[in-house]
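Peer 1: Residue 150 is where the sequence shown starts when you use my numbering, and the numbers rise one by one after that.
Virtual Cβ for every residue (Gly too), placed ideally from N, Cα, C.
Since this is a predicted model, take the numbers as computed values, not measurements.
Please read through the structure below; I'll follow up with questions.
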Amino acid sequence: MSEQEHNLMELEEAISREILLYIKHTYRLLIDDPTANSMKDTARRSTAFLQTAGELDIRGRNLVSGLPETVRIRPQEIKQALRLS
């Protein structure tokens with residue numbers, strides 16, 4: 150693996166981690182790595198998604214109750230999560 154590929158992989162992991170932490174701190178919702186990766190991939194594939202008023206349903210475990218929960222987030226929140234990092 151080249152250094153450039155390695156750096157790109159580290160960047161991808163950092164982006165997923167920032168999304169995961171944002172959801173955890175903002176919504177007190179624990180999501181798994183595949184969910185964070187899916188959010189990242191959705192945002193990356195579609196810059197139009199980040200510019201729309203649409204919403205994305207995220208499913209995880211509520212850290213207070215321990216029960217499964219779905220929250221709806223706006224595309225701007227993904228951008229905000231990445232700006233805060």
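Between Gly203 and Pro183, is the Cβ-Cβ spacing less than 8 Å?
Peer 2: It is not a contact, given that the beta carbons lie outside the stated cut-off.
Peer 1: Whole angstroms is fine: what's the gap from Arg177's alpha carbon to Ala163's?
Peer 2: C-alpha separation (whole angstroms): 20 Å.
Peer 1: Ends of the beta strand (DSSP E) at Ile207?
Peer 2: Per DSSP, Ile207 belongs to the beta strand (DSSP E) from Leu205 to Asn211.
Peer 1: Which residues does DSSP pair with Thr219 in a beta bridge?
Peer 2: Bridge partners of Thr219: Arg208.
Peer 1: Can you tell me where the alpha helix (DSSP H) holding Ser151 begins and where it ends?
Peer 2: Where Ser151 is concerned, there is no enclosing alpha helix (DSSP H), given that its DSSP letter is neither H nor E.
Peer 1: Do Leu170 and Gly209 have their beta-carbon atoms positioned less than 8 Å apart in this structure?
Peer 2: For Gly209 and Leu170, no; Cβs fall outside 8 Å.
Peer 1: Is Ala230 closer than 8 Å to Glu159 when the C-beta atoms are compared?
Peer 2: In this structure, Ala230 does not lie closer than 8 Å to Glu159 by Cβ.
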